[in-house]
Amino acid sequence: MSGAALAALLGVSLCDAAECPRKDALGTSRVLSVDAKTFPRVGLKSFPQTLPLADREVVLTFDDGPHPPTTSKVLAALAQECVRATFFLIGQHASQYPDMVKRIAREGHTVGHHSFTHPFMGHIPFEKAIADIDRGIAADEMALHGASTTTPSTPFFRFPYFESTQALLDLLQSRGIAVFGADLWASDWEEMTPEQQLKLVTERLAASGRGIILFHDNKAQTAAMMPAFLRYLRENGYRVVHIVPAGKSQRSADTR
Ligand SMILES: [Zn+2]
């Protein structure tokens, strides 16, 4: 069976290998459309369900950016290996650095949302939490497209600190916004050297074998180890899956 036929059978689109200038790069192995109706909440650290990933398939996600000094290093590492990831932006940072938001999208990555001020949403009133979520979406959309809207062009959201409430989860589900947890994380909020960071996350990945991985692109230790981490994936037979919202092809999900 040809790759294209297999892709059609699986309902996925394969990335065009010709797009990647380096023949031995890790690359993005497939694009997975995520529909909030089918997958309202994913990530085994918080929820019973996760994305349908095969053994050795990973989804790379980065929270809390954009933070130009480190985000630009992460983007360079991803570009070097022709890998596409998802960035859950803090709206406040997106407002400060709209060019970096546009660059993330232009380089083919998915832009998800991560609130405006990054509060503990279980500790503030419901209305305040919703207002912060919407302000974050509006700031990200303004940076991306120059339009202030609380209808996200990519309906992917991750709660700060993974702290949600049932009422907030229900509301996002009713609005068709998929909530992302993670299957494993780098614990890069803890200070460590890039070497320690690499060891920790690769050991966790070896144990889980697959999954949605959470990093923070505003952390210098993460940016520093990203080239080595991607090399590790390549040398150990892992494949990177790029998530996009349902109903959008990879290209239309991009902002060009
Ligand atoms: Zn965060």
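Using my numbering, read the sequence shown as starting at 1 and increasing by one per residue. Every residue, glycine too, gets a C-beta built ideally from N, C-alpha and C. Keep in mind the model is a prediction, meaning the values are calculated, not measured.
Near ligand 1: residue i beta-carbon under 7 Å from a heavy atom
i    : result
H114 : yes
Minimum C-alpha distance to residue i - residue among the options
i    : options                   : result
K37  : E107, D64, K102 and D170  : D170
F156 : P21, R30 and P40          : P40
D188 : P69, Q173, S153 and M225  : M225
V179 : V101, H216 and T50        : T50
A138 : A77, F126 and T154        : T154
V101 : H118, D63, C82 and P160   : D63
V83  : V42, D132 and R30         : R30
P245 : I104, A79 and L32         : L32
L53  : A182, N218, Q196 and I130 : A182
H242 : A25, I212, Y161 and H216  : I212
E235 : A25, C20, L78 and S208    : A25
E127 : A167, R22, K23 and V59    : A167
G91  : I133, G122 and V59        : I133
K23  : L44, G43, T70 and Q80     : Q80
S164 : S46, P21, E19 and D35     : S46
A94  : V58, G146 and G108        : G146
G247 : E19, E191 and G176        : G176
T86  : L44, D35 and L60          : L60
Spatial neighbours of residue i in its chain, beta-carbon cut-off 6 Å, leaving aside the 5 residues before and after
i    : result
G237 : R56
L200 : none
K73  : A223
R251 : Only weak support exists for where R251 lies, its pLDDT of 48 falling under 50; the value from the coordinates is given anyway. Taken in chain order, the list of residues that qualify is empty.
F88  : D63, G112, H114 and R158
T202 : Y232
G136 : G91, H113, S115 and F116
Residue i, DSSP secondary structure in three states
i    : result
G209 : coil
A182 : coil
G91  : helix
F159 : coil
R239 : strand
T70  : helix
S33  : strand
T202 : helix
T110 : strand
V83  : coil
T222 : helix
E57  : strand
L144 : helix
D132 : helix
F229 : helix
L51  : coil
L169 : helix
P262 : There is simply no residue 262 to check, as the chain begins at 1 and stops at 256 in what is shown.
P40  : coil
L214 : strand
Other residues of its chain near residue i: CB distance less than 7 Å, five sequence neighbours each side excluded
i    : result
P194 : Q221, A224 and M225
H216 : F62, D63, D64, D188, W189 and T222
Y161 : F120
A77  : M226, P227 and L230
L184 : R204, L205, S208, G211 and I213
8 Å CB neighbourhood of residue i in its chain, flanking five on each side removed
i    : result
A17  : Low local confidence applies: a pLDDT of 46 at A17 is under 50, so the model's placement there is unreliable, with the coordinate-based value given in what follows. Hits under 8 Å: G27.
P68  : Y97 and M100
I130 : L168 and L171
**Prompt:** Whose beta carbon lies closer than 5 Å to any heavy atom of ligand 1, going through the chain in order?
**Reply:** D63, D64 and P160
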